[in-house]
Amino acid sequence: MTYTGQSSMICLQASEIYNLQKRTSPFTRPRGAEYSANHSRMCLHPGVCAYIHDIVEGAKPLLQTGSLKALQLVVTAPDNGRALEKFVFRLSQNSIIPADLRKVELSQLEESFRALCLKLSVSDNLLKPLPPRCSYKILLQLPMESLGSLHSKQVSDGAERAWIAAEPTDDMINVPKVVPLKDLSCELCSLQLYVEQTTDDYGHVAIAGPS
297 MTYTGQSSMI
307 CLQASEIYNL
317 QKRTSPFTRP
327 RGAEYSANHS
337 RMCLHPGVCA
347 YIHDIVEGAK
357 PLLQTGSLKA
367 LQLVVTAPDN
377 GRALEKFVFR
387 LSQNSIIPAD
397 LRKVELSQLE
407 ESFRALCLKL
417 SVSDNLLKPL
427 PPRCSYKILL
437 QLPMESLGSL
447 HSKQVSDGAE
457 RAWIAAEPTD
467 DMINVPKVVP
477 LKDLSCELCS
487 LQLYVEQTTD
497 DYGHVAIAGP
507 S
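Numbered per my numbering, the sequence shown spans residues 297 to 507.
Rendered as structure tokens:
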């Protein structure tokens, strides 16, 4: 397996087939919620909800140790699994943390994250529509030295869904169009959110019929 630089890509693929017939099909807007929630979407698919929960729980220790460099949500074609679109969350954590975290304006940080979520909720207006019956996978980018400790922890925890090393081509998009969405910066970290989208014509993607 080929790795680039000092990092490797590890991948957890959903056991369920995620139907992206429409970008918003598995999601709905909640009612009776505050302003920020009304502009986001809640997932209705229990399998997707469980998958997202597993991703968050699996990423927590990596965030706490500063090992997580980037998270990618890769949307793949229904016929050959090639990457069509990639949401990239690129994280840089400061090595020196303020001794008193209360000095960090947490309310401003929360507001920045809310703005990022709102930008995500309208990002489909900036991107071309996807073909029906796409799937997806989540990739995490880690330093290579973190991979061994992650595998050891999975074994000790008896994880049902284990992180596995991804193929080098799993997230490859040739000559992508980059769409910047949002940057966030504070004393603790900086986060870049952008989308890489293939410039190929989706019309040449073979679409599978209903199963």
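Every residue, glycine too, gets a C-beta built ideally from N, C-alpha and C.
Going straight from the alpha carbon of residue i to that of residue j, what length do you get?
i: Leu412; j: Lys478; result: 6 Å
i: Leu414; j: Ser408; result: 10 Å
i: Ala462; j: Leu435; result: 8 Å
i: Val471; j: Asp496; result: 9 Å
i: Leu405; j: Cys482; result: 7 Å
In three-state terms, what does DSSP make of residue i?
i: Val263; result: The question about residue 263 has no answer here: the residues shown for the chain are numbered 297 through 507.
i: Pro357; result: helix
i: Gly362; result: coil
i: Asp467; result: coil
i: Leu416; result: helix
i: Leu422; result: helix
i: Asp479; result: strand
Can you pull the DSSP bridge partners for residue i?
i: Val384; result: Gln368, Tyr490
i: Leu405; result: Partner(s): none; Leu405 has no beta bridge.
i: Ala411; result: Note: Ala411 sits in no beta bridge, so no partner.
i: Lys473; result: Gln493
For chain D, find out if any of its Cβ atoms is closer than 9 Å to the Cβ of residue i; answer yes or no.
i: Cys482; result: Reference to chain D is not applicable here, since this structure consists of a single protein chain.
Write down the C-beta distance between residue i and residue j rounded to the nearest angstrom, noting that I regard them as a contact closer than 8 Å.
i: Leu416; j: Val371; result: Rounded, the Cβ-Cβ distance is 14 Å, inconsistent with contact.
i: Leu487; j: Phe385; result: 6 Å
i: Phe358; j: Leu438; result: Contrary to the premise, residue 358 reads as Leu rather than Phe in this sequence. The pair is a contact, with the Cβ atoms about 7 Å apart (cut-off 8 Å).
Evaluate contact between the stretch 354-374 and the stretch 416-424, counting only Cβ atoms and requiring at least three cross-stretch pairs below 8 Å. No: the two stretches stay apart, fewer than three of their Cβ pairs being nearer than 8 Å.
Count Cβ pairs between the stretch 487-498 and the stretch 377-388 that sit closer than 8 Å; are there 3 or more? Under the Cβ criterion (8 Å, minimum of three pairs), the stretch 487-498 counts as touching the stretch 377-388.
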